[in-house]
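Q:
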Amino acid sequence: MDDRNDAIDVQKNDVELDDAATSPTGLENTFGGDSAIEQVALSRLNPSPRNVRRKAATGIDGLADSIAAKGLLQNLVAHPMTGARGKKPKLCVCAGQRRLAALQLLAERSVISADELIPVKVVTEAEAVAASLIENHAREPMHGADQAMAFRMLIEEGRSVDYIAALFSVPVLTVQRRLKIANVSPKLLDVFRDDGMSIEQVIALSLTDDHDFQEKLWFNAAQPWLRDPHQLRAAITKEEIEIRNNPLVAFVTLEAYEAAGGFVRRDLFSDDDNSGHIVDPALLQQLATDRLIEVAQTISDEGWKWVETRVKRDYGELSEYGRQSSHTRDMTKKEEREFAKLQKARDTATDALNAYYDDESAEEDEEKRDALEEAANAASDACDAFVESMEAWLPEQLETGGAFVFLNYAGEVVIERGFIKRDDMQRSGSEQSAADGTSGVEPKKKAKPVHSEKLCRRLTAHRTAAVQVELAAQPGVALAVLMHHMIPTIFAEHYGHMYSGRTLEAKFTCVHDGLLREADDLADSRAWKEIEAERAKWTAMLPKNSAELLPWLLQQSDHVTSNLFAFCVAATLDSVSGTDGGHPVSQLFDVLNLDMSKYWTATRESYLDHVSKGRIAEVVTAAVSAEAAASLASNKKDEAASMAERLLSDTGWIPDMLTNHSSVKESNFASPELDDQESDEEGSREDADADADQ
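Under this note's numbering, the first residue of the sequence shown is numbered 772, with each subsequent residue one higher.
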């Protein structure tokens, strides 16, 4: 939040100052309260070095005219000059600097004499800074730099933060924020004081206490946009980890990280309690790994051949492993009775919640509703946990298989068992070749495409994920026997790779892992997170064994089967392409009312780093303006990409290939003409790959 808005009123009577907060001088809130106003000759008055307002006074001529016409309406505040002696020593004005300058101007003009008597309240030198600050705080707003330095002067005089906050009726946080600004390089504070820098920029620079680094960021900025607050913050924290929503931080906890000697760079100017950055990512990673190893040891005690830890689930890595299926062991009589009690409690809680929703005459009671929902969820979770505890593995599975321990997006420990390493998998050489084999033709040269094959496949992976999300939300009708055939293929990690006994001769391929290999940024996209959430929901609902699948499907409502069918169909949809031409998936764009801007944004990582500088200029011209594109010409590729990312951030620009509605030309895949065409396109795509690096 803007620091200019943080001066929240605090009642002075509500703040008690500790005795330790006051300085030995015994400064009171009523400065000079016991001092009478004296009449002092103008010649005895001088500006005080303890006046907190350092910025040159303005409007003196107008103020002098006002005093000449109406007289001095308010007294000055002054303290004895250091070292001055005599009955009438020199006084230094610490409050009323503009009025003193106006009076001295009138004396120079002979409007008044140097002996003119001026009303002055005399305070001690120890009271001068605080008196000056109160004077300026209550009247013409001080410049932020001057106020920050004044607070710092009070701290240096021995005043506490709590004391200053109570004195000026502001929160302690406001004082701390001003002191943080006061710690910025003096050179930069001068720029700020002269209005050469905004409050947002000085706040961003205050994230670091390194004056040399602050000055380097400001004075060595090659382009004005590098001084934007966002860019300054990014430069200061580029090697650090943001605390907010970070799974490692949630898992390790800040307390444990700091106890291990880690430093947290906190942002005093943020109203978010979770704002800040981890300065030592390596330490955080090590702490997380150590804790995961402890968890892994307990899993290893189950008898698995191997157990490995990861701080993040790597879908690409896991796709290289086979999966074994667990079996659900029979419950003992005692366990059956216990499970029956849990089911009864679940049904009772669910009935109570349904009764609340069905009672239209009752007034809305959020507290009661939340309590009923919490009870129903807890009872359901208890049943699920009990069923999961019945999961068992055969000795031969333990001897050949293993488990992974990793963190999910919320920093929670997830344990997945039953993986098989490639060396332990019993697959034929032909199956291995089918899984890994590729084919191609020799390239020829033709017209150069806009996008390289690699970028086309990357972008269309995002397109596929977005279409899958929309398609899964619009279910059709599905036959249970068809789903009985599809599901073990779609959920291979759940049922294993050796499922057999299908009733239909049809083939379905889940493109889940393949999409992740096409786009390394897909896992962090909105579409993928929605897909994974749906996948986790269905995985939890499905029976453990494939033999139980068909009976389970036949027992489900149309709502469940149709939605599961829609998800399975969406999971097989694949629009990844190495070219940026039309694709059959375009037929679904209007049907699904697909808005790709919800799922994809042009950034350096997603697009700009993968195309040429010339293409970047074309995009900026189309999405922003020709003038904006022209400003990129003198920059290197990396700088141009960064500038373009900022310019495109709010435009909603999407590459044509992600919204291309053109129809797909029917082709004879056996024709030599097609082979020539594909060869030419392959050669052109290699040219595009080379251009993207320029």
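Cβ coordinates follow ideal geometry from the N, Cα and C atoms, glycine included. Since the structure is predicted, the reported quantities are computational estimates derived from the model, not experimental observations.
Does the distance from the C-beta atom of T1099 to that of K1315 stay below 7 Å?
A: Yes, Cβ-Cβ distance for T1099 and K1315 is below 7 Å.
Q: So, does the region 1088 to 1097 touch the region 1126 to 1140, judging by three or more C-beta pairs under 8 Å?
A: no
Q: Find the nearest neighbour of L888 within the set L950, E1073, L1335, I808, judged by alpha-carbon distance.
A: I808
Q: Throw me the rounded Cβ distance for the R1004 and A975 pair, which I believe falls under 8 Å.
A: 5 Å
Q: Name the two residues that bound the continuous alpha helix (DSSP H) containing F1177.
A: F1177 -> not in any alpha helix (DSSP H); beta strand (DSSP E) instead, spanning 1172 to 1178.
Q: Compare the beta carbon distance of K861 and R815 with 7 Å and say whether it is the shorter of the two.
A: yes
Q: Of the choices R869, R998, L847, whose alpha-carbon is the least far from that of D836?
A: Taking only the C-alpha atoms, the option nearest D836 is R869.
Q: Return helix, strand or coil for W1309, following the three-state DSSP convention.
A: helix
Q: What residue range is occupied by the uninterrupted beta strand (DSSP E) comprising C1281?
A: Unbroken run through C1281: none, as it is neither H nor E.
Q: From the DSSP secondary-structure annotation, give me the bridge partner or partners of K892.
A: Assignment of beta-bridge partners to K892 by DSSP yields I808, V848.
Q: First and last residue of the beta strand (DSSP E) that includes R948?
A: Here R948 belongs to no beta strand (DSSP E); instead the alpha helix (DSSP H) covers 943 to 953.
Q: For the putative contact between R1375 and W996, defined by C-beta atoms under 8 Å, what is the C-beta separation to the nearest angstrom?
A: Their Cβ separation, rounded to whole angstroms, is 14 Å, which puts R1375 and W996 out of contact at 8 Å.
Q: Could you pull the start and end residues of the alpha helix (DSSP H) that I1007 belongs to?
A: 1000 to 1008
Q: What is the DSSP secondary structure of H1330, reduced to helix, strand or coil?
A: helix
Q: Can you tell me which of L1321, Y1086, E1065, D1122 puts its alpha carbon nearest to the alpha carbon of L1287?
A: For the residues L1321, Y1086, E1065, D1122, the minimum Cα distance to L1287 belongs to Y1086.
Q: Hey, is L1359 close to the ligand MG, as in C-beta under 6 Å from one of its heavy atoms?
A: You won't find the ligand MG in this model; it holds no ligand whatsoever.
Q: Can we say the region 848 to 856 touches the region 924 to 934, given the rule of at least three CB pairs closer than 8 Å?
A: Fewer than three beta-carbon pairs drawn from the region 848 to 856 and the region 924 to 934 are found closer than 8 Å, and the two stretches are therefore not classed as touching.
Q: DSSP on I1425, reduced to helix/strand/coil?
A: Here I1425 sits in coil by DSSP.
Q: Do you know whose CA, among V891, L876, P890, lies nearest S884's CA?
A: L876
Q: Apply the 10 Å Cβ neighbour rule to K1369 and answer buried if 16 or more other Cβ atoms are within range, or exposed otherwise.
A: exposed
Q: Applying the 10 Å Cβ sphere with the 16-neighbour rule, what's the burial state of L1379?
A: buried
Q: Run through DSSP, which three-state label would R1036 get?
A: Note: R1036 maps to strand in three-state DSSP.
Q: Is DSSP giving G854 helix, strand or coil here?
A: coil
Q: Give a yes or no on whether the C-beta atoms belonging to F1177 and R1036 are separated by under 7 Å.
A: no
Q: Taking the CB atoms as reference points, tell me whether D1394 and L1419 lie closer together than 7 Å.
A: Checking the displayed sequence, the identity of residue 1394 turns out to be Ala instead of Asp. In contact: A1394 and L1419 (Cβ atoms closer than 7 Å).
Q: Taking the beta strand (DSSP E) that G1189 belongs to, which residues open and close that run?
A: 1184 to 1191
Q: With the cut-off set at 7 Å, would you say D1351 and C1227 are in Cβ contact?
A: yes
Q: Within 10 angstroms of its Cβ, does M1312 collect 16 or more other Cβ (buried), or is it exposed?
A: That one is exposed.
Q: Please report the straight-line C-alpha distance between V1020 and G1182, rounded to a whole angstrom.
A: 7 Å
Q: Between the alpha carbons of V848 and Q810, how many angstroms are there, rounded?
A: Going by the C-alpha atoms only, they are around 12 Å apart.
Q: Can you give me the C-alpha to C-alpha distance between A901 and L925, rounded to a whole angstrom?
A: Taking the straight line joining both Cα atoms gives about 7 Å.
Q: Under 8 Å by Cβ, that's how I've got W1077 and L1169 pegged, so tell me the actual separation to the nearest angstrom.
A: That belief does not hold up - the Cβ atoms of W1077 and L1169 are roughly 11 Å apart, past 8 Å.
Q: Is it right to say K1384 is buried, meaning 16 or more other beta carbons lie within 10 angstroms of its own, or is it exposed?
A: By the neighbour-count rule (16 or more Cβ atoms within 10 Å), K1384 is buried.
Q: Under 8 Å, with one C-beta from each stretch per pair, do the region 1047 to 1054 and the region 1022 to 1039 reach the 3-pair mark?
A: yes
Q: What does a CB cutoff of less than 7 Å around F922 pick up in its chain, not counting 5 residues either side in sequence?
A: I935, V946, R949, L950, A953
Q: State buried or exposed for H1001, treating a residue as buried only when at least 16 other CB atoms are found within 10 Å of its CB.
A: exposed
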